[in-house]
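A.B. asks: Mind having a look at this structure? Questions to follow.
Numbering (our numbering), first residue to last: 24 to 173.
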């Protein structure tokens, strides 16, 4: 992974671990149109400081799943919504894997403070719903922090 911008690799991972704004994922449709989707995410640490992936969960029937299966290259951004703005953006490759036990979804429900007992969680975790995990392996990452400018 190539890291650029004003944030160090450790500051980027700290920001990704601490920020609970959704990730915005851009991809292409099979008709070569652009598509943007916001998803919950979590950081999956690797062996080195700049060796990590981003993991999301969604319904197996979501449009983005078929788009990523057709064209796995993505761009993404995680950024704060309030000043001073800080964030991470980049590009990479997404893979889609079935998640029959909904492990990624359960972890995301906890990360985003929804819990597994809420009505939303019960609907998402229902046996009738097929779930997948989307894993984004970044190739290039750019981190920024505009605190000094604001």
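Every residue gets a Cβ at the ideal spot worked out from N, C-alpha and C, and that includes glycine.
If I'm right that residue 166 touches residue 111 with Cβ under 8 Å, what's the distance once you round it to whole angstroms?
C.D. replies: 5 Å
A.B. asks: With DSSP as the reference, identify every bridge partner of residue 46, one or two as the case may be.
C.D. replies: 62
A.B. asks: Bridge partners of residue 165, per DSSP?
C.D. replies: 27, 112
A.B. asks: By DSSP, does residue 121 sit in helix, in strand, or in coil?
C.D. replies: strand
A.B. asks: If contact is defined by three or more beta carbon pairs under 8 Å, each pair taking one atom from either stretch, is the segment 95-109 in contact with the segment 43-63?
C.D. replies: At 8 Å Cβ cutoff, the stretches touch.
A.B. asks: Suppose the cutoff is 7 Å on Cβ atoms and the five residues either side in sequence are ignored; what does the same chain contact list for residue 39 look like?
C.D. replies: 66, 101, 111
A.B. asks: Within a Cβ cutoff of 8 Å, which residues of the same chain sit near residue 162, ignoring the five residues on either side of it in sequence?
C.D. replies: 24, 25, 113, 114, 115, 116
A.B. asks: I'd like to check one pair, residue 36 with residue 157: are the Cβ atoms closer than 8 Å?
C.D. replies: The answer is no: Cβ separation not under 8 Å.
A.B. asks: Would you identify the three-state DSSP class for residue 158, choosing helix, strand or coil?
C.D. replies: Strand at residue 158.
A.B. asks: Quick check on residue 29: buried or exposed, where buried means 16 or more other Cβ atoms within 10 Å of its Cβ?
C.D. replies: Counting C-beta atoms within 10 angstroms of its own C-beta, residue 29 has fewer than 16 neighbours from the protein chains shown and is therefore classed as exposed.
A.B. asks: Can you tell me which residues form a DSSP beta bridge with residue 145?
C.D. replies: Beta-bridge pairing links residue 145 to no other residue.
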